[in-house]
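Have a look at the structure below, then the notes.
Protein chains in written order, with the UniProt record's numbering: chain U, 1 to 405; chain W, 1 to 405.
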């Protein structure tokens, strides 16, 4: 199950970025499970990684390599997360990078590894190494759709976004793919995102974009509150377009950021829409908070409440569960008599109880929709935050009770 | 579904405590849904209430009345929580207390109200008032089992515990009942607990007992992380036994506390065993923490992880999900290379990865059991905490998607 249409867009090729896909047989024979990004010399990469203390070996290694060299290759496997694998996990990640570096004629530190899948099983290094020649042989700038499929785990559909914009008379392309359907939560998720543009972006501007955009999109989605050991979201700027370098004070930065934000949002929302067992796409917007943390605490408490999520699944306007979640979000001096809660355009809660003009019919009409907004105005400050989540269905339990079998 | 046998114990009457049960027709005609505790003059009551900021009208009123007078009556209805009902909710709660006070010849402040059930619907005051004569007419000291049934909501079985102990040559009785199956979490739950003893306990000692025992039992259980608006756990000391008053420095306090703790634990664990859709009873023990908060953060992150809970439902020793939950519990400087995680007597994680001597067969053997312990030794301090939870099943979703229909 998934919410809304799930067709991939037409991908605009990004000059300087070629993608190769292969079947390494990591989990199932014949399935595409290995993706290589080949980046032209001069490309720059910045990213966000999981904050889980048990971060996977490839995350640790990617961070190290990124600090050492400008990457030339990204190597992504699905089917095995190489997490919880201790010292051997790191050796295995290094071995894969070394094999790719040797075949491609670059240094090991120019390869960033990414893994997703089951935690705690040794990475099948030999299978990956054996499939590398095939992946490298078929790199092309129009393999975005194949790559989107090649990084899926429990995803029911590939996820991508792409657009072209004009920046001071120069056309730039932005294309991206993402994956993830469970263990999704800030910070990051079993979530991988790769967004590339052919613009040339100064290193500090690229890091600011990667951080701010990742924070506003991938770090604001949650399916089950679980944070993966392997999350990563990488922003690639190949610099192959004909325009000038974009710096932090460039007039082109705001329109570029706006365009990138659309791509980030589409890719992040696509993960929620394909959330394990999801039948609803839910926006939770908290306004009138005193601090960002307070707004996020309320938003996530509602977003993670199993009672709210099962009510959403049932299309049941059981607003008492939303109210109870807001009440336990940890704001000690919250005045429940002034805050307001809306479901779509219907006011649920006002003056500490059910709004006078609320009716079950009006609440039901909103709940029957596939896309639902819950808006909570705390009326105690000026800060707003939005998170996105999905409902909690029978299929969520089925998918996660059967995952390894 | 529920874990383990669910038969009620033989209840020892508690001198000075009489229970009356009636059918007010609040949700379903003919179902017992109204319980009255009648306490002898001189009884003392102390308790713990929900920390949800949207606390229900009866919680607010019980707190007020408790501060004013020694209670003579407890009035409990199921089927309607009288929460999220604003100013009218408070008027309704007062009206019920007034009606009982008038019929029983006490003052309104001597009545403590408790409600559980659906949030946000007006309390059917007239139905409750109409049923009060029946409840008052049948009070008896041996109606504990009927009262245990009379406070149920989505519970599949009544919950009770009872014992007698000798205290310095005087026999005292302790009996208690509890209810709750969902929206259970510290602090408290859609959880009601009433524990009574005929011992005479000094007011400050009674409050210490109520606080400490509630904290160690009812405030350490979680089913879905949701905290109810209505939770309350009351400790009643009727003072009718023949022994001396028990004070904070009385030699009889420790054995009394030990006996009460058994009752509190039994009643709290019974709620988890009857957790909505529960098929497993899970103990999560964190040791080696630096602070209590840190131990609780880790324990609750594991206890609330939908991925861990669905793996428990599937009897799947997917220890990677436990590891990932520990890693995201918010301890910034957690050293994942020294901590250890055990499932029953099997070591899962050591040296940052799967334990060398772990085997799937050994993990499976533990997971196949109905009662499972997950032990996490952080190896960074001396503090320990334990919480109890259950798994996450298809039935949880069914129960909560259908609750109001």
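Glycine included, each C-beta is placed from N, C-alpha and C at the ideal position. What you are looking at is a predicted structure, and each value in this text was computed from that prediction instead of being measured.
### Message
Just to confirm the assignment, what range does the alpha helix (DSSP H) spanning residue 77 of chain W have?
### Response
Residue numbering aside, residue 77 of chain W sits at position 77 when the second chain is read from its first letter. Premise fails: residue 77 of chain W lies in the beta strand (DSSP E), 73–80, not in any alpha helix (DSSP H).
### Query
According to a CB-to-CB cut-off of less than 8 Å, which residues of the stretch 315–327 of chain U neighbour chain W?
316, 318, 319, 320, 321, 323, 324, 325, 326 and 327
### Message
Does residue 332 of chain W pass the burial test, meaning 16 or more other C-beta atoms within 10 Å, or should it be called exposed?
### Response
Taking the first residue of the second chain as position 1, residue 332 of chain W is located at position 332. Per the 10 Å Cβ criterion, exposed.
#### Entry: Among U:277, U:117, U:205 and U:103, the one whose alpha carbon lies nearest that of residue 231 of chain U
Locating residue 231 of chain U in the first chain gives position 231, counting from the first residue. The shortest C-alpha separation from residue 231 of chain U is found at U:117.
#### Entry: For residue 164 of chain U, the residue or residues it bridges with in DSSP
Locating residue 164 of chain U in the first chain gives position 164, counting from the first residue. Looking at the DSSP assignment, residue 164 of chain U forms a beta bridge with U:173.
### Message
9 Å is my cut-off, CB to CB: does residue 252 of chain U come that close to chain W?
### Response
Looking up residue 252 of chain U in the first chain gives position 252. Not an interface residue.
### Query
Given that residue 275 of chain W touches chain U, what residues does it touch there, using C-beta distances under 7 Å?
On the second chain, residue 275 of chain W is found 275 positions in, with the first residue counted as 1. Near residue 275 of chain W there are no residues of chain U at all, since even the closest Cβ is about 11 Å away, more than 7 Å.
### Query
Going by the CB atoms, is the gap between residue 200 of chain W and residue 241 of chain W shorter than 9 Å?
Counting from one through the second chain, the residue named residue 241 of chain W turns up at place 241. Counting from one through the second chain, the residue named residue 200 of chain W turns up at place 200. Contact: yes.
### Query
Can you name the start and end residues of the alpha helix (DSSP H) that residue 229 of chain W belongs to?
Indexing the second chain from 1 puts residue 229 of chain W at position 229. No alpha helix (DSSP H) contains residue 229 of chain W, which DSSP labels as neither H nor E.
#### Entry: residue 31 of chain U in three-state terms, based on DSSP
One-based indexing of the first chain puts residue 31 of chain U at position 31. Correct three-state label for residue 31 of chain U: coil.
### For residue 69 of chain U, three-class secondary structure by DSSP
To locate residue 69 of chain U, count along the first chain from 1; it is residue 69. Reduced to three states, the DSSP call for residue 69 of chain U is coil.
### Message
Taking its Cβ as the centre, do 16 or more other Cβ atoms sit within 10 Å of residue 381 of chain U, making it buried, or is it exposed?
### Response
Here the question's residue 381 of chain U lines up with position 381 in the first chain. It is exposed - the Cβ of residue 381 of chain U has fewer than 16 other Cβ atoms within 10 Å.
### Query
Using DSSP with H/G/I as helix, E/B as strand and the rest coil, what is residue 288 of chain U?
Residue numbering aside, residue 288 of chain U sits at position 288 when the first chain is read from its first letter. The answer is strand: DSSP assigns residue 288 of chain U an E or B state.
### Residue closest to residue 112 of chain W, alpha-carbon to alpha-carbon, out of W:95, W:119 and W:120
What you label residue 112 of chain W is simply residue 112 of the second chain in a count that begins at 1. The option with the nearest alpha carbon to residue 112 of chain W is W:95.
### Query
Of all the residues that make up the stretch 68–102 of chain U, which are near chain W by a beta-carbon distance shorter than 8 Å?
81, 83, 84, 85, 86, 87, 88 and 89
### Task
Output yes if chain W places a C-beta closer than 9 Å to the C-beta of residue 123 of chain U; else output no.
Along the first chain, read from residue 1 onward, the residue named residue 123 of chain U stands at position 123. Closer than 9 Å: no.
### Task
For the stretch 253–298 of chain W, list the alpha helix (DSSP H) runs that are entirely contained and at least 4 residues long, ordered along the chain.
253–273
### Query
Does the pairing of the stretch 46–57 of chain W with the stretch 97–108 of chain W give three or more beta-carbon distances under 8 Å?
no
### Query
Hey, quick one: how far does the beta strand (DSSP E) through residue 143 of chain W stretch, first residue to last?
Position 143 of the second chain, counted from the first residue, corresponds to residue 143 of chain W. From DSSP, residue 143 of chain W is part of no beta strand (DSSP E); its letter is neither H nor E.
### Message
Output needed in chain order: residues of the stretch 373–395 of chain W with a Cβ under 8 Å from some Cβ in chain U.
### Response
392, 393 and 394
### Message
Please list, in chain order, the chain W residues whose beta carbon lies closer than 9 Å to that of residue 118 of chain U.
### Response
Walking along the first chain from the start, residue 118 of chain U turns up at place 118. The contacting residues are 318 and 320.
### Cross-chain neighbours of residue 44 of chain U in chain W, by beta carbon under 8 Å
On the first chain, residue 44 of chain U is found 44 positions in, with the first residue counted as 1. Ordered by position in chain W, no residue passes the 8 Å Cβ test against residue 44 of chain U, which lies about 29 Å from the chain.
### Message
Please return the same chain residues whose Cβ sits closer than 6 Å to the Cβ of residue 186 of chain U, not counting the five positions on each side in sequence.
### Response
Walking along the first chain from the start, residue 186 of chain U turns up at place 186. Only weak support exists for where residue 186 of chain U lies, its pLDDT of 35 falling under 50; the value from the coordinates is given anyway. Once the five neighbours on either side are set aside, the close Cβ partners of residue 186 of chain U are 219.
### Message
Here's a check: name, in chain order, each residue in its chain whose Cβ is nearer than 6 Å to the Cβ of residue 206 of chain U, leaving out the five neighbours to either side.
### Response
The count along the first chain starts at 1 and reaches residue 206 of chain U at position 206. Cβ within range, chain order: 44, 46 and 237.
### Task
Look at the alpha carbon of residue 324 of chain W and the alpha carbon of residue 356 of chain W, and state the distance between them as a whole number of angstroms.
The residue labelled residue 324 of chain W in the question sits at position 324 within the second chain. The residue labelled residue 356 of chain W in the question sits at position 356 within the second chain. If you take the alpha carbons of residue 324 of chain W and residue 356 of chain W, they lie about 19 Å apart.
### Task
Scan the stretch 341–354 of chain U for residues whose Cβ lies nearer than 8 Å to a Cβ of chain W and list them as they occur along the chain.
349, 351, 352, 353 and 354
### Query
So the alpha helix (DSSP H) residue 92 of chain W belongs to, where does it begin and stop?
Within the second chain, residue 92 of chain W is the residue found at index 92, counting from 1. Segment 86–104, the alpha helix (DSSP H) holding residue 92 of chain W.
### is_contact[residue 65 of chain W, chain U] using C-beta, thresh 9 Å
Working through the second chain from its first residue, we reach residue 65 of chain W at position 65. Not an interface residue.
### Query
Cα separation between residue 60 of chain U and residue 76 of chain U?
Numbered from 1 along the first chain, position 60 holds the residue referred to as residue 60 of chain U. Numbered from 1 along the first chain, position 76 holds the residue referred to as residue 76 of chain U. When rounded, the distance between both Cα atoms is 14 Å.
### Query
Which one or two residues does DSSP pair with residue 179 of chain U in a beta bridge?
Counting from 1 along the first chain, the entry for residue 179 of chain U is found at position 179. Per DSSP, U:192.
### Message
Helix, strand or coil for residue 343 of chain U? Go by DSSP, reduced to three states.
### Response
Stepping through the first chain from its first residue, residue 343 of chain U is reached at position 343. Correct three-state label for residue 343 of chain U: strand.
### Contacts that residue 331 of chain U makes with chain W (C-beta to C-beta distance below 8 Å)
The residue labelled residue 331 of chain U in the question sits at position 331 within the first chain. Result: 53.
### Alpha carbon of residue 189 of chain U to alpha carbon of residue 35 of chain W, nearest angstrom
For the purposes of this step, residue 189 of chain U is taken as the residue at position 189 of the first chain. For the purposes of this step, residue 35 of chain W is taken as the residue at position 35 of the second chain. Because the pLDDT at residue 189 of chain U is just 40, under 50, the model does not fix this residue reliably, and the point stays unresolved.
### Query
Which of the three DSSP states, helix, strand or coil, is assigned to residue 215 of chain W?
Locating residue 215 of chain W in the second chain gives position 215, counting from the first residue. Of the three classes helix, strand and coil, the one that applies to residue 215 of chain W here is helix, per DSSP.
### Message
If you reduce the DSSP assignment to three classes, tell me which class residue 317 of chain W lands in.
### Response
Against the second chain, residue 317 of chain W aligns to sequence position 317. Coil at residue 317 of chain W, not helix or strand.
#### Entry: Residue-chain proximity (residue 148 of chain U, chain W), Cβ-Cβ < 9 Å
Position 148 of the first chain, counted from the first residue, corresponds to residue 148 of chain U. So no, residue 148 of chain U is outside the interface.
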